[in-house]
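Novice: The structure follows.
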Amino acid sequence: MSTAALSAAEAQTVTAARRLARARSVFIGVGRPSTAAILARALYNPRLVLVYESGTIGAKPFHIPLSIGDGELAHTSDLIVSVPEMFNYWITPGRIDVGCLGAAQVDRFANLNSTVIGDYARPKTRLPGAGGAPEIAAGCGEVVVIVAHDRRTLVQRLDFVTTVGHGDGAGARERLGFRGAGPTAVITELGVLEPDPQTRELRLTSVHHGVEVGDAVAATGWELRVAEHVEVIEPPSVDELAALRELSSR
Amino acid sequence: MAEIVPLREAVAELVRDGDAVALEGFTHLIPFAAGHELIRQGRSELELIRMTPDILYDQLIGVGACRRLVFSYGGNPGVGSLHRFRDAIENGWPRAIEIEEHSHAGMANRYAAGAAHLPCGLLRGYRGTDLVAHTRVAFIQCPFTGEELAVVPALAPDVTVIHAQEADRDGNVQLWGIPGVQKEAVLAADRVLVTVERIVDRIEPRPGGVLIPGWVIDAVALAPGGSQPSYSLDITERDNDFYMRWDAISRDRDAFTSWIDTHVRGKTAVA
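Right, dumping it as structure tokens:
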């Protein structure tokens, strides 16, 4: 195993993987969510069903895929379905336990923007757009958001609401008729934000080993509420880190 | 029965300037050879429809062939931005394009409605998002339960183009692996072109394979390797290096144009 110091990204990925230790199924895109899910399957949850938007259900990739449609996902999956079937029969009816999503911007109620920075008609930065995110966030049992922790990402106000997390707070999801619980965690490289059970506003509930609460608050674009007892996340064990680095090197 | 014709003829015959064209394939089986033939033949003013306008649509947008784009996710999967797509929307280069964007669930149901010749598709979606104010979606009340549901207009492309692993001599087609939304896109369209890796004497149906009868297809063209740098499961591999290299090629207008001149305009269609 490499003896390089633990990076913030590694701590973030292992924290996300641990969150999947008891899930039955997880919907993932590429990047850190995919790495976290493959790691969770390898370390704590061998029966975890990996679901990729391309239609592969129960994929068992040996390598971290570059795209959600890599051949290895098709070859190792339990079943492959069409895109209409994926959304109409699997995601929106709530058959997937956890949806993992990223975003360019997140607000205090864990609503997400992946559409534009700036004005919609004349954007400063045109982002890829919604993809599956709105219906994944509405339909999956719960949502785990994996993003960078800085003031560009965690913002006071989204430039565009691509995906509803907790809307304008308590009761919003119920009013919209959403079935899933919505975002239960925003995992960053500084710590974890979780919705307050009453207001649904995100609160800092834990930080990675070596991160000060003040650092996380300062890196957030709104006045971040802090839980009464902020836990320090157990740093990745030797085994967890070795498994992550071995997986990344394949 | 679908006619088996050379790709150049098929494109010349089936795709016209100003058409609404869907080149589908969800990461897998993307019809690059046919898309490049559109560029070589100088098709223009196209309404391009595709759930995931990846590199192929970045190329069509970059050469100015696209007037209007209908899509749900415009990124280079696993890599980042589509720079030609961004340049067109952010700076109007080489021309401004009109966009209509949806969620994947919305696009999938639009195609499914098109295949069923229904006017619209029904789903739980879009609610609470800013997409509602910027795209074609409406909400209706279920007459049986009272639940509010989203409706999206059916997609009916003038032409759908897909790539598949094989066809027989009557133009019956089989594809397998990730099926995307190709069957729906084919059945939703007025005219259909399928490019294939190989022509076989007899199709052996595969478990999980998608069979499309030749009588709903207008033309089949042989295009071995025609989905590269995407792939055709069990025949070619996804060229992940190229997807990563595209980031640098497409970032710069001149580098992009010179790549198109060399690798698309400077070549002729296979077969």
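Protein chains in written order, with the working numbering: chain A, 1147 to 1396; chain B, 278 to 548. C-beta: ideal position from N, C-alpha, C; glycine also. Predicted model only: the values in this text are computed from it and were never measured.
Whose CA, out of B:L464, B:G423, B:A444, B:I512, lies closest to the CA of B:R479?
Specialist: When each option's Cα is compared against that of B:R479, the closest is B:A444.
Novice: Does DSSP put A:Q1251 in a helix, in a strand, or in coil?
Specialist: The answer is strand: DSSP assigns A:Q1251 an E or B state.
Novice: Is it the case that the Cβ atoms of A:S1352 and A:V1372 are separated by a distance below 7 Å?
Specialist: Their beta carbons are not under 7 Å apart, which means A:S1352 does not touch A:V1372 by this criterion.
Novice: Along the alpha helix (DSSP H) that carries B:S535, what are the first and last residues, could you check?
Specialist: Its alpha helix (DSSP H) spans residues 530 to 537.
Novice: Rounding to the nearest angstrom, what Cα-Cα distance links B:A498 and B:I537 in this structure?
Specialist: Whole-angstrom Cα-Cα distance: 22 Å.
Novice: Please give me, in chain order, every unbroken run of the alpha helix (DSSP H) with length at least 4 that falls completely inside the region 459 to 503 of chain B.
Specialist: 459 to 465, all fully within the region 459 to 503 of chain B.
Novice: What is the rounded straight-line gap between the Cα of A:R1319 and the Cα of A:F1255?
Specialist: Between A:R1319 and A:F1255, the C-alpha separation is close to 11 Å.
Novice: So, B:L300 versus B:G312, is the Cβ gap smaller than 7 Å?
Specialist: Against a cut-off of 7 Å, the Cβ pair of B:G312 and B:L300 comes out as a contact.
Novice: Going by other Cβ atoms of all chains shown within 10 Å of its Cβ, with 16 needed for buried, is A:D1314 buried or exposed?
Specialist: Classification for A:D1314: exposed.
Novice: Which residues bound the alpha helix (DSSP H) around B:D296?
Specialist: That residue, B:D296, is in no alpha helix (DSSP H); it is neither H nor E in DSSP.
Novice: Please report the straight-line C-alpha distance between B:V436 and B:S535, rounded to a whole angstrom.
Specialist: If you take the alpha carbons of B:V436 and B:S535, they lie about 29 Å apart.
Novice: Taking Cβ positions, are A:E1231 and A:I1214 nearer each other than 7 Å?
Specialist: Going by C-beta atoms, A:E1231 is not nearer than 7 Å to A:I1214.
Novice: At least one CB of chain A closer than 7 Å to the CB of B:R522: is that the case?
Specialist: False, the Cβ-Cβ gap to chain A never drops below 7 Å.
Novice: Rounded to whole angstroms, what is the Cα-Cα separation between A:A1188 and A:S1394?
Specialist: Each residue's alpha carbon lies about 13 Å from the other.
Novice: Of the residues B:E375, B:A546, B:V347, B:L306, which one's Cα is nearest the Cα of B:H381?
Specialist: When each option's Cα is compared against that of B:H381, the closest is B:V347.
Novice: How would you label B:L278, buried or exposed, when you count the other beta carbons within 10 angstroms and need 16 or more for buried?
Specialist: Per the sequence presented here, residue 278 of chain B reads as Met, with Leu not at that position. The residue in question, B:M278, is exposed, as its Cβ has fewer than 16 Cβ neighbours within 10 Å.
Novice: Going by Cα to Cα distance, which pick from A:V1359, A:A1389, A:P1382 is closest to A:V1376?
Specialist: Checked all of A:V1359, A:A1389, A:P1382; the closest Cα to A:V1376 is A:V1359.
Novice: Can you tell me whether DSSP reads A:M1147 as helix, strand or coil?
Specialist: Residue confidence is low: A:M1147 scores 48 on pLDDT, short of 50, so the model does not pin down where it sits. No coordinate-derived value is stated.
Novice: Measuring alpha carbon to alpha carbon, tell me which of B:V292, B:C343, B:V356, B:R317 ends up nearest B:N517.
Specialist: Among B:V292, B:C343, B:V356, B:R317, the Cα nearest to that of B:N517 belongs to B:V356.
Novice: So, using beta-carbon positions, are A:E1281 and A:V1244 closer together than 7 Å?
Specialist: Their beta carbons are not under 7 Å apart, which means A:E1281 does not touch A:V1244 by this criterion.
Novice: Residues of the region 346 to 366 of chain B with a CB closer than 8 Å to any CB of chain A: list them in chain order, please.
Specialist: Those would be F348, S349, Y350, G351, G352, P354, G355, V356, S358, L359, F362, R363, I366, in chain order.
Novice: Could one say the Cβ of B:A389 lies closer than 7 Å to chain A's Cβ atoms, at least one of them?
Specialist: Output row for B:A389: interface = yes.
Novice: Within the same chain, show all residues whose beta-carbon is closer than 8 Å to that of A:Q1158, passing over the 5 residues directly before and after it, in chain order.
Specialist: Only R1178, I1292, I1333, T1334, E1335, H1354 meet the Cβ criterion.
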